[in-house]
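Chemist:
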Amino acid sequence: CDFGISGRLVDSKAKTRSAGCAAYMAPERIDPPDPTKPDYDIRADVWSLGISLVELATGQFPYKNCKTDFEVLTKVLQEEPPLLPGHMGFSGDFQSFVKDCLTKDHRKRPKYNKLLEHSFIKRYEMLEVDVASWFKDVMAKTESPRTSGVLSQHHLPFFR
1 CDFGISGRLV DSKAKTRSAG CAAYMAPERI DPPDPTKPDY DIRADVWSLG
51 ISLVELATGQ FPYKNCKTDF EVLTKVLQEE PPLLPGHMGF SGDFQSFVKD
101 CLTKDHRKRP KYNKLLEHSF IKRYEMLEVD VASWFKDVMA KTESPRTSGV
151 LSQHHLPFFR
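In the UniProt record's numbering, the protein residues as written are 1 to 160.
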């Protein structure tokens, strides 16, 4: 995925079919308030992080029903950002973290240094985790996400 391509789309609103990873582009990169002076910074990457977290946590692409990049870009601009489903048991801290990442108004969206102060990050900052063993266990219990459609609850111990 080439997030860098979004910088070349400032005036075009993505007129081409394959324009990088449209779903990960922040609204201010798709449709800048003033195209002559694009006003974006690291917070555009924070948006991309939020979209990535939704996809990783749910096992589904948040814009899976879109057929073209243009449909995705339109949804990003005109609809509310994707949310984590309540029925999947995510912690309030994790839901809040993702919601902060996906704040539509880039001026209100936190930068990384502010995200590092979030209670979701602070909770795990000092926790020792054997990620290799956890991943091995998950892989042993998991059918392919492409065939199952969603990740099961044993995938998500860090998001609760």
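Beta carbons: idealized from backbone N, C-alpha and C, even for Gly.
Values in this document were obtained by computation on a predicted structure and should not be read as measured data.
Assuming A44 and H106 make a contact with CB atoms under 8 Å, what is their CB distance in whole Å?
Modeler: The residue labelled residue 44 in the question sits at position 44 within the sequence shown. The residue labelled residue 106 in the question sits at position 106 within the sequence shown. About 7 Å; that satisfies the 8 Å criterion.
Chemist: Quick check for students: name the residue ranges of the beta strand (DSSP E) that lie wholly in the UniProt domain "Protein kinase" (1-121), counting only runs of 3 or more.
Modeler: The UniProt domain "Protein kinase" (1-121) contains no whole beta strand (DSSP E) run of 3 or more residues.
Chemist: Mind the definition here: the stretch 42-58 touches the stretch 88-101 only if three or more C-beta pairs lie below 8 Å; say whether that holds.
Modeler: Yes, since at least three Cβ pairs between the stretch 42-58 and the stretch 88-101 fall closer than 8 Å, the two stretches touch.
Chemist: What residue range is occupied by the uninterrupted alpha helix (DSSP H) comprising D130?
Modeler: By 1-based counting over the sequence shown, the position of residue 130 is 130. Element bounds for D130: n/a, residue is neither H nor E.
Chemist: Closest to F97 by C-alpha separation, out of T74, V131 and L49, would be which residue?
Modeler: As a position in the sequence shown, residue 97 is number 97, starting the count at 1. Per the Cα distances, L49.
Chemist: Tell me the rounded alpha-carbon separation between K111 and P81.
Modeler: Within the sequence shown, numbered from 1, the residue matching residue 111 stands at position 111. Within the sequence shown, numbered from 1, the residue matching residue 81 stands at position 81. Computed Cα separation, rounded: 18 Å.
Chemist: In whole angstroms, what is the alpha-carbon distance linking I121 and L115?
Modeler: By one-based count along the sequence shown, residue 121 stands at place 121. By one-based count along the sequence shown, residue 115 stands at place 115. About 8 Å.
Chemist: Report the residue from A57, L77 and Q78 whose alpha carbon sits nearest the alpha carbon of G87.
Modeler: In the sequence shown, the residue the question calls residue 87 occupies position 87. The question names Gly, but residue 87 in the sequence shown is His. With distances taken between Cα atoms, H87 lies closest to A57.
Chemist: According to DSSP, is M139 helix, strand or coil?
Modeler: In the sequence shown, residue 139 corresponds to position 139, counting from 1. Three-state DSSP puts M139 in a helix.
Chemist: With L77 and P27 assumed to form a contact (beta carbons below 8 Å), what rounded beta-carbon distance in angstroms separates them?
Modeler: The residue labelled residue 77 in the question sits at position 77 within the sequence shown. The residue labelled residue 27 in the question sits at position 27 within the sequence shown. Their Cβ separation, rounded to whole angstroms, is 6 Å, which keeps L77 and P27 in contact under 8 Å.
Chemist: Between S119 and D93, how many whole angstroms is the CB-CB distance? I'm expecting something under 8 Å.
Modeler: By one-based count along the sequence shown, residue 119 stands at place 119. By one-based count along the sequence shown, residue 93 stands at place 93. Right, the Cβ-Cβ distance comes to about 5 Å (below 8 Å), so this counts as a contact.
Chemist: Expressed to the nearest angstrom, what Euclidean distance is found between the alpha-carbon atoms of N113 and V46?
Modeler: Mapped onto the sequence shown, residue 113 falls at position 113. Mapped onto the sequence shown, residue 46 falls at position 46. One C-alpha to the other measures close to 11 Å.
Chemist: Of the choices F61, Y40 and E117, whose alpha-carbon is the least far from that of C21?
Modeler: Here the question's residue 21 lines up with position 21 in the sequence shown. Checked all of F61, Y40 and E117; the closest Cα to C21 is F61.
Chemist: Heavy atom of the ligand SAH less than 6 Å from the Cβ of R109, yes or no?
Modeler: Among the components of this structure there are no ligands whatsoever, and the ligand SAH is therefore not found.
Chemist: Would you tell me roughly how many angstroms separate the C-alpha atoms of G89 and D31, rounded to the nearest one?
Modeler: Residue numbering aside, residue 89 sits at position 89 when the sequence shown is read from its first letter. Residue numbering aside, residue 31 sits at position 31 when the sequence shown is read from its first letter. Spanning the two alpha carbons is a distance of roughly 34 Å.
Chemist: Taking CB distances under 7 Å as the criterion, tell me whether A57 reaches chain E.
Modeler: Reference to chain E is not applicable here, since this structure consists of a single protein chain.
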